[in-house]
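Numbering (the working numbering), first residue to last: 1 to 343.
Each residue gets a CB set at the ideal place from its N, CA and C atoms; glycine is no exception.
Quick notes on the structure that follows.
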Amino acid sequence: MPRMRRQVGRLKDLPVSGEKRVLLAAPRGYCAGVDRAVVAVEKALDRFGAPVYVRKQIVHNVHVVQTLEKMGAIFVEEVDEVPEGANVVFSAHGVSPAVVQAAEDRHLHAIDATCPLVTKVHREAVRFAKQDMEILLIGHTGHEEVEGTAGEAPDHITIVNSPDDVDTLEVENPDKLIWLSQTTLSVDETMETVRRLRERFPNLQDPPSDDICYATQNRQVAIKKIAPQADLVIVVGSSNSSNSVRLKEVALEYGAKAAYRVDYASEVKQEWLDGVNTVGVTSGASVPEVLVQELLDDLADAGYSDVRATVTAEEDLVFSLPKELRQDASGKRDERALGGRVR
């Protein structure tokens, strides 16, 4: 991803009572599913030429979307906006069977960039619906991932938005209940929702494995460690990125004196740094590292050049690209077929 043009010296190095430092969360930024989805659009443009259409934002990040638009990607809300016979990429958040059918009806060449961890939740929904289970899907109504999962078994799924929803929830058979979740939620809030669900419905069943993705959990663990030491936490990520928004909330919950979410370093205000010794920095799972480096450059201008990594996990998971993109135009296996970009 290209760098933005930076205004050097925009933030001033003003005195504070102690030493200035940055605690930099690791892991942060791109997860394997996001990397796979972004590379899928890049490779589709290389392979098929512009334009390539993308249903919804490929990932929830303003900079990524704008960069891909400049390369020739066209983002649409629904597949009926795509010319018949064109190439379309489904975003990392997944789609319902109805969207897949609508694409087939328009004879579109669909490339499914759904994160494999989201696909796992879809398959669970289908399996439990076939068992005539009632599925309580913990997630945010209107989020693309929730819409896609709910679309797999709409007659069997009820969305639970928050712990407070539990008190008014009505189910048909409390003995045939199972819960699933959106992959990008707050771990703590999800577990509180499950706790309250189980109080009302003691026979509630758990999914075979945790639905909240490894990257979401890892980024929350890292910021939990940093937050108690931070006068200020800055989360790089877009407002429609659920996991980025959760990182800000988690930072405040775990002791940060202040926390802000920004798309770009240029949004950081001088007054945020008043009296601040320790700045915690992290980024959501759809954020390219270049945006974090630009923030660190700006913070260095303000005297925060002592950057200390806070490492709570190592991530080496990679996903294969969609099958349509694992070979180049000549049929040769592409070097990026496994693992996305070189970082």
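- For Leu68 and Asp105, the gap between their C-alpha atoms comes out near 26 angstroms.
- Straight across, the Cα-Cα distance linking Met1 with Val34 is about 13 angstroms.
- Here DSSP, grouped into helix, strand and coil, assigns Gln131 to coil.
- Under DSSP, Trp179 shares a beta bridge with Leu136.
- His109 has its alpha-carbon roughly 9 angstroms from the corresponding atom of Glu84.
- DSSP places Gln57 outside both helix and strand once states are collapsed to three, so it counts as coil.
- Runs of the alpha helix (DSSP H) lying entirely within the stretch 184-228 and spanning at least 4 residues, in chain order: 187-200 and 214-226.
- DSSP places Ala103 within a helical segment (H, G or I) once states are collapsed to three.
- Per the coordinates, the alpha-carbon of Ile234 lies some 7 angstroms from the alpha-carbon of Val262.
- Per DSSP, Thr67 is one residue of the alpha helix (DSSP H) stretching across Val62 to Met71.
- Shown here, Gln293 sits in a helix according to DSSP, grouped into three states.
- For the 7 angstroms CB-CB criterion, Val287 and Val236 form a contact.
- A straight-line Cα-Cα distance of about 10 angstroms links Asn203 and Asn173.
- For Asp206 against Thr183, the beta-carbon gap comes to about 16 angstroms, at or over 8 angstroms, which does not count as contact.
- In this structure, the beta-carbon distance from Arg28 to Ser241 does not fall below 7 angstroms.
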